[in-house]
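Each residue of the sequence shown is one higher than the one before, counting from 3 in the numbering used here.
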Amino acid sequence: AAMMDPHTAAELDLDQIWSLVDDLLAAHGDLVILIGDERHLARSVRRGGQGAISGMANFAAGELRAMAENGTDDPRVEGFVLELLKQPVIPAVKAMVARTSGDERWLTVRPPLEPVTL
């Protein structure tokens, strides 16, 4: 999977990032290593990862819990992340927090970002 922002000069290839994380987990089991993509959370925990830097935890903690604690895969999370990535990430996460909390103040973002509704 790849993400490309029209305002950036580089492409972020999530498969390459997993390869880097996997290498780090294998070489540095003594370090606390957090994954940045919830789709790889369970796999990283099974290999010694300690958790994730996660926007989804703000609105879907229950869905991520078994992934973070036991390394149990949850295919719903992958599908949800793919849907979320169709929007700019920060506004999309804030929109989901607004929806689940009922607090529309979460829709506020700072320029150059613009709010999204999901």
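Don't be surprised by glycine CBs; every beta carbon is placed ideally from N, CA and C. Computed from a predicted model, the values in this text were never measured in an experiment.
Would Arg41 and Val95 be called neighbours here (beta carbons separated by less than 9 Å)?
no
Since Ile37 sits in a beta bridge, which residues does DSSP pair it with?
Ala54
Of all the options Ala62, Gly57, Gln52 and Met58, which has the alpha carbon lying nearest to the alpha carbon of Gly73?
Gln52
Do Asp75 and Leu66 count as a contact pair if the criterion is CB distance below 9 Å?
no
Local Cβ density within 10 Å of Ile92, reported as buried at 16 or more and exposed below that:
exposed
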